[in-house]
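Colleague:
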Amino acid sequence: MKNVSVSFTLNGDIVTAEVPPNWTLLKTLREYFELTGSKEGCGVGECGACTVIIDGDAINSCIYPILEVEGKSVTTIEGVASEDGTLHPLQKAFLENNGVQCGFCTSGMIMSSKALLDHNPDPTEDEIRASIAGNLCRCTGYVQIVESIEKAAEMIKEGK
Amino acid sequence: MSDLLYVGKNIPRTIEVDKVTGRAIYIDDLKRPGMLYGKILYSNYAHARIKMINTSKAEKLPGVRAVLTGSNIPDVRVGFLKDQTVLKKDIVRQFRDEVAAVAAISEEIAEEALDLIEVEYEELPAVFDPIEAMKEGATLVHEVDARGKPIKSNIIPMPWKFKAGDIEQGRKDSAYMVKDNLSTTWVNQCCMGTSGCVAEFDMNNNLTLYNQTNVPFLDKQRIMEHFAAIGLKGKNVRVVNVVVGGSFGTKLDTDIYEFICIQLALKTRKPVKILFTREEEFRALPPRQPARFTIEQGCDKEGRLTFRKAEAILDNGAYTSWGVTTPSVMMMPMSSLYRVTNVSFESTCVYTNNIYCQAMRGYGNPQATFAVETSMDRLAEKAGIDPAEFRLINCNQSGDVTPMRLKITSCGLEECINSVKKRLNWSEKKRKQKSRGVGMASLIHVAGGARVYLSDGHGMMIKVDQNGHIDVLESGTDQGQGSPTVISQIVAESLGFRPEDISLTLGDTGLCLWDAGTHASRHTFMAGNAAIRVCEKAKKQILEMAVEQMPKLIKNGFKRKKRKDPDFVEPDLDYSLISSPEKLDIKNRMVFPTTAPDHPYFKVEVSQILRSGLHVGIGESKVVVAEAFYDPPTEMLDREMKGNLSLTYAFGTTGVEVEVDEKTGKVKILNLFAAHDVGKAINPTLVKGQIYGAAYIGAGYALTEEIKLEKGRVMNPNFRDYKMLTARDAVPVEPIVIEPGDKDGPYGAKGIGEPGLVPTAPAIANAVYDAIGIRIRDLPITPEKVLAALKEKKQQQ
Amino acid sequence: MNNFEYLMPTTINEAISFHESYGDQAKYIAGGTDVIVKIKEGKISPQYLISLRHLQGLDHIIYEKGELRIGAMVTHSMLERSPVIRKEFPILTDAVENIGSVQIRNVATIGGNIVNAVPSADGAVPLITLGAEVRVIGPKRERIMALEDFFIGPGQTSLKSGEILMEFLIPKLLSHTGAAYWKHTRRAAMELPILGVAVLISLDDDMKTCTEARIGLGVVAPTPMRAKNAEAILKGNKVDDEILKKAGEAAAQECKARDSIRGKAWYRRDMVELFVQRMAIVAMERAH
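If you want it as structure tokens, here you go:
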């Protein structure tokens, strides 16, 4: 199978991937770009551990064909903190409010909640839960994840 | 305890910043140079003879580096009762038996190779029900035991018989008695990170196993025993954990995939990674042990329990892992949850051709507590006593010694029951609402270690460098519960440093001392106590160094001042205040005399002392290093299954309010209060995190989760059809953290990892009964079961 | 995953001619949330995937003169966010806002959902109840048919090889019409339903007499179905609890519920009976 060439914006940089056409975005991120922050929890779009943001929308990268990413803007967990390493309020909030336990679902949770807060800076608890309904977590019972997202929203509003 | 700086505070988990930036390395992310990918071929039958395996096509596929079957690896038995081999050669006994394994340069090629392996089976009659399997003439799952002796029955010879007091006398003393049959089924642990490991041999055949285990030292020991049987006796094994994506009991044994990975690495002389897909995680990973209970209880007219008699039948599946030992933990609630003198509990474990089981959070306690607490509610009703009152009448108290000889020291059970009663508005709501109800259930669990093995020790080593940075080598593991943060709080508090001064290494047998395992909710208790002891030793060294160095440092300081300002007069100080280690202490990295904590001159930052102590110029320089191995004064269970195996016990009560839609059978949890006696919360936010997470798993156990097994085959091996709760299934959990302290816990802390889960299902079941008068006796309480029961009730009326 | 080439035609003709060239070895792919999963699970192994994402004119939501046209490539998220759908066709909002997860809805299309044709497709039942038609383009011709007739079996539609589903047409509804959809699940998200019930009721000016009744059922037959006997009970009559109960019972009788690992037949029938009544009440509220 001949490789295809796909150009897109990845965490702010224009990149080109040369991969087989049947590769998913997740496989490309993890193996071609060695960005292993996005995880494979199920491989079939049922757990959200692979969530990334494409053109502002939260997407399961494990079932997203790589060619469809051409010309789009992709953000992964590795692109959430500032270039100088300053953590995004979501990252800070997850650490401060015990929204992270084993951490396997965390990348996906942060991406889903970032997609939410980028569009809706003042979400209700229901809206938060709906935005992460496709992100499974076994450790936290979701409570402190919701609290982390609420705190992050507050921090963003206060300009932190 | 009044002026603690770090213990009891909500110190954030900033030490784990890698997890929020995508940098944490899980097994999925680990890459070793030249690493190959291993895949396993599973059997398609629950019970069959393997007539032929042909791997020639697979071997020829480009990119394949090894193909293994039971015939080309040593035929050595593994497992708790040594009742299986790594790859199955002649007979497969369950649907997911490992029949062959491939190592290749990519996952895709390895999978392709599996498809090219030809296996011919001759199907054999199988048995899928433990009751059937116990009957005479039933198909035998095993023909011989580990020693080659013929087996005549599917009943596994395990010593699970417990007796205390006199049951018959108990019956005679009873004014009321109840008897119930209850059952729980298989559920999956659902770790978000799937199982897997990377095995790598060096050229001398010493192994490094990158793993996710809860028990690195036991894992190492089991592998070394295996090595001795396969011609690698004396070779070293180092087990090193990467970041673990959850455990919930899945990593307490040495799994078959670990042995397979090791064989592939040995054969190929390359590092090999095996990583389960989610489907494998559902099909091939041993789940929670199911159980069928018959339980009888009685009480006198005043509501005091007179006896408790229970039997359990365990569908063990085809091989043994920790599932078969869950009765040893079931004995705890059976014999010691509430005060009851006359107790009998027997458990029969039976081989079948179903999937075999291992540990899962609670380890038999959730199953047994479902039985005990359902029975308690029934008995309360029969006796005409309010169920909360009934529990208070029989409540465990400090100072009790239970029929299992458990010595109850700290005990907050009464407070737990009362606080839950209050929060639920129990008296207003019990029996009073249509379609709504309240219910409660309590728990007892080990919380001060668990002497399951001959040693229940935990070793810790620390070194403090010249900058005052502390490296802790901690022999426990981290599955995500927050151990690094909690232990750094305890070390900081005990030594007088700050949490940010501490780096920890966990789960590395090459660097750390020894630990029985991060299981049985023992980690904080054991590591915390080891930390206190090791810090005592380290502190002594630092203060001895301070006695030598402080006067010099202070006087040098005066000399420098005099050089700058000739008018400066060296103050006349009483150096006897700092003349011996007993007179000094450290707080916030400052060393000071205890009798004059605010002394203007006798206050030196610890790194100055450490640097001076190391760079002496002449004579003996010193470093600060200490170790401690803490093994609590507890007992193993004796032949009668009695013994104080833990130094202290956790208690708790979960109270639930539910609303049942009587037309659909759906149960909605309106409120869930989880009151837990944790001794002392080292980090309240983290403690709550444990309670929330465990309560959710408990709610799933009660209402939605079940592995659907049909003739040994898992029919729902994915998240679509295995109903783990999502964020939108909001369960309003409120933890009530009760801190009566504990004289043996580090700063008074007890374990909390498992207790949060244990009483959840029976509390919900009891609440459902209060709401609609229906008692569901087998988990999960699905809408179908509720609706069917409601219809039946209506018909009877 | 098996090897495949991924083609991205920009016109319908190009797409169709790709399909003609590769025939059985080719499969159209919309969002991919069904097709990619099927490939990964080994259920299908096409050599060529023909993406429909870059075709023009398939992503519209147009509400004109009471008629609604939805392009096949409209995602569930677009439907969820559409104010006109929420206001005029809340039954569709009911359906899409509970499909899968945000991640799935951002990518999965209403057309893909219909063409995948699982008995549990949440998009299908409300659309059938609204009386939707589909416009299909193929190598030889364009055709329009009732959505109800589009499904012929589990996973099977009447699409001929190479045909592409273009859009859904929902004709103007009667005045005083309300419609609602219930997805019965065990959990609140990520669920394929145990069953789906859609009810559409049009009321006369007296706001009590039913002039039109449509009841769509999902997962209780090989394809999404209409409960015509139940509909007949309601149509032309004043709607009260008793008549709703009869309609519910009729719907339960005429559905062909079966046991599956997702639910038992008896329970499905009971829920059909219950939710036909409950959704009828919601539909009538919306008719006001």
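Protein chains in written order, with numbering that gives the first Met the number 0: chain G, 0 to 159; chain D, 0 to 796; chain X, 0 to 287.
Even for Gly, the Cβ is constructed at its ideal location relative to N, Cα and C.
Apply the 10 Å Cβ neighbour rule to Q143 (chain G) and answer buried if 16 or more other Cβ atoms are within range, or exposed otherwise.
Modeller: Residue environment: Q143 (chain G) is assigned as buried (16 or more neighbouring CB atoms within 10 Å of its CB, all protein chains considered).
Colleague: Residues of chain G with CB under 8 angstroms from A674 (chain D), in chain order?
Modeller: Within chain G, no residue comes near A674 (chain D); the closest Cβ sits about 16 angstroms away, beyond 8 angstroms.
Colleague: What residues from chain D crowd round R257 (chain X), counting only those whose CB sits closer than 9 angstroms?
Modeller: Going along chain D, no residue has its Cβ under 9 angstroms from R257 (chain X), so there is no contact; the nearest lies around 15 angstroms.
Colleague: What's the gap between the Cα of M640 (chain D) and the Cα of F161 (chain D)?
Modeller: 6 angstroms
Colleague: In the stretch 290–342 of chain D, which residue ranges form an unbroken beta strand (DSSP E) of at least 3 residues, counting only runs that do not cross its ends?
Modeller: With a minimum length of 3 residues, the unbroken runs of beta strand (DSSP E) contained wholly in the stretch 290–342 of chain D fall at 290–298, 304–316.
Colleague: Between which residues of its own chain and A14 (chain X) is the CB-CB distance below 7 angstroms, once the five residues before and five after are set aside?
Modeller: P8, I49, L51, L54, I163
Colleague: Which bits of chain X does G42 (chain G) rub up against, with CB to CB less than 7 angstroms?
Modeller: K39
Colleague: Between K263 (chain X) and chain D, is there a C-beta pair that is closer than 8 angstroms?
Modeller: yes
Colleague: Output, in chain order, the set of chain D residues within a Cβ distance shorter than 7 angstroms of D269 (chain X).
Modeller: L786
Colleague: Below 8 angstroms, can you find three or more Cβ-Cβ pairs linking the stretch 294–314 of chain D to the stretch 70–80 of chain X?
Modeller: no
Colleague: Check whether the Cβ atoms of Y175 (chain D) and C260 (chain D) lie closer than 8 angstroms to each other.
Modeller: no
Colleague: Tell me which residues share the same chain as L789 (chain D) and place their Cβ nearer than 8 angstroms to its Cβ, disregarding the 5 neighbours each side in the sequence.
Modeller: So the qualifying residues of the chain are E661, G664, I771, I773.
Colleague: Rounded to a whole number of angstroms, what is the C-alpha to C-alpha distance between N112 (chain X) and M0 (chain X)?
Modeller: 22 angstroms
Colleague: Among the candidates X:G154, X:S119, X:A131, whose CA atom is the shortest distance from the CA of A145 (chain X)?
Modeller: Check the Cα spacing between A145 (chain X) and each of X:G154, X:S119, X:A131: the tightest is with X:A131.
Colleague: Exposed or buried, what is R213 (chain X) when buried is set at 16 or more other beta-carbons lying within 10 Å of its beta-carbon?
Modeller: buried
Colleague: Beta carbon of T401 (chain D), beta carbon of S335 (chain D): below 8 angstroms?
Modeller: yes
Colleague: Any C-beta of chain X within less than 9 angstroms: which residues of the stretch 114–131 of chain G qualify?
Modeller: A114, L115, R128, A129, S130, I131
Colleague: Which full runs of the alpha helix (DSSP H) of 4+ residues lie inside the stretch 90–120 of chain G, going along the chain?
Modeller: Whole alpha helix (DSSP H) segments, 4+ residues: 105–118.
Colleague: Within a Cβ cutoff of 7 angstroms, which residues of the same chain sit near L243 (chain X), ignoring the five residues on either side of it in sequence?
Modeller: Q276, A279
Colleague: Would the beta-carbon of P153 (chain X) be found less than 7 angstroms away from any heavy atom of the ligand SAH?
Modeller: Among the ligands in the structure shown, none appear at all, so the ligand SAH cannot be discussed.
Colleague: Let me see if you follow: with CB-CB separation under 8 angstroms, is I103 (chain X) close to chain G or not?
Modeller: yes
Colleague: State the start and end residues of the unbroken beta strand (DSSP E) segment that holds H183 (chain X).
Modeller: 176–183
Colleague: Which residues bound the alpha helix (DSSP H) around L423 (chain D)?
Modeller: 412–423
Colleague: Less than 8 angstroms between the C-beta atoms of D314 (chain D) and T340 (chain D), yes or no?
Modeller: no
Colleague: What ranges does the alpha helix (DSSP H) occupy inside the stretch 26–77 of chain X, keeping only unbroken runs of at least 4 residues that lie completely in it?
Modeller: You should have 34–39.
Colleague: Taking C-alpha atoms, which residue in D:K563, D:P73, D:A545 lies nearest to E581 (chain D)?
Modeller: D:A545
Colleague: Give me, in chain order, the residues of the same chain whose beta-carbon lies closer than 7 angstroms to that of T633 (chain D); leave out the 5 immediate sequence neighbours on both sides.
Modeller: G448, R450, D455, N643, L644, S645, L646
Colleague: In angstroms with no decimal places, state the Cα-to-Cα distance between K77 (chain D) and V490 (chain D).
Modeller: In the sequence as presented, Lys is not what sits at residue 77 (chain D); that position holds Val. Straight-line Cα distance between these residues: approximately 39 angstroms.
Colleague: Just tell me which of X:D93, X:I98, X:Y62, X:Q102 has its CA closest to the CA of V83 (chain X).
Modeller: Distance check between V83 (chain X) and each of X:D93, X:I98, X:Y62, X:Q102 places X:Y62 closest, using alpha-carbon atoms only.
Colleague: At the 8 angstroms Cβ level, is T663 (chain D) part of the contact set with chain X, yes or no?
Modeller: Closer than 8 angstroms to some Cβ of chain X, the Cβ of T663 (chain D) qualifies, so yes.
Colleague: Would V98 (chain D) and I150 (chain D) qualify as a contact pair, given that the criterion is a beta-carbon distance under 8 angstroms?
Modeller: no
Colleague: What residue range does the alpha helix (DSSP H) around R532 (chain D) cover?
Modeller: Residues 522–563.
Colleague: If you reduce the DSSP assignment to three classes, tell me which class D500 (chain D) lands in.
Modeller: helix
Colleague: Measure the alpha-carbon distance for K39 (chain X) versus M331 (chain D) and round it to whole angstroms.
Modeller: Cα to Cα, K39 (chain X) sits roughly 46 angstroms from M331 (chain D).
Colleague: What three-state label does DSSP hand F567 (chain D) in the structure shown?
Modeller: coil
Colleague: Applying the criterion that 16 or more other CB atoms from any shown protein chain within 10 Å of the CB defines a buried residue, is D769 (chain D) buried or exposed?
Modeller: It counts as buried.
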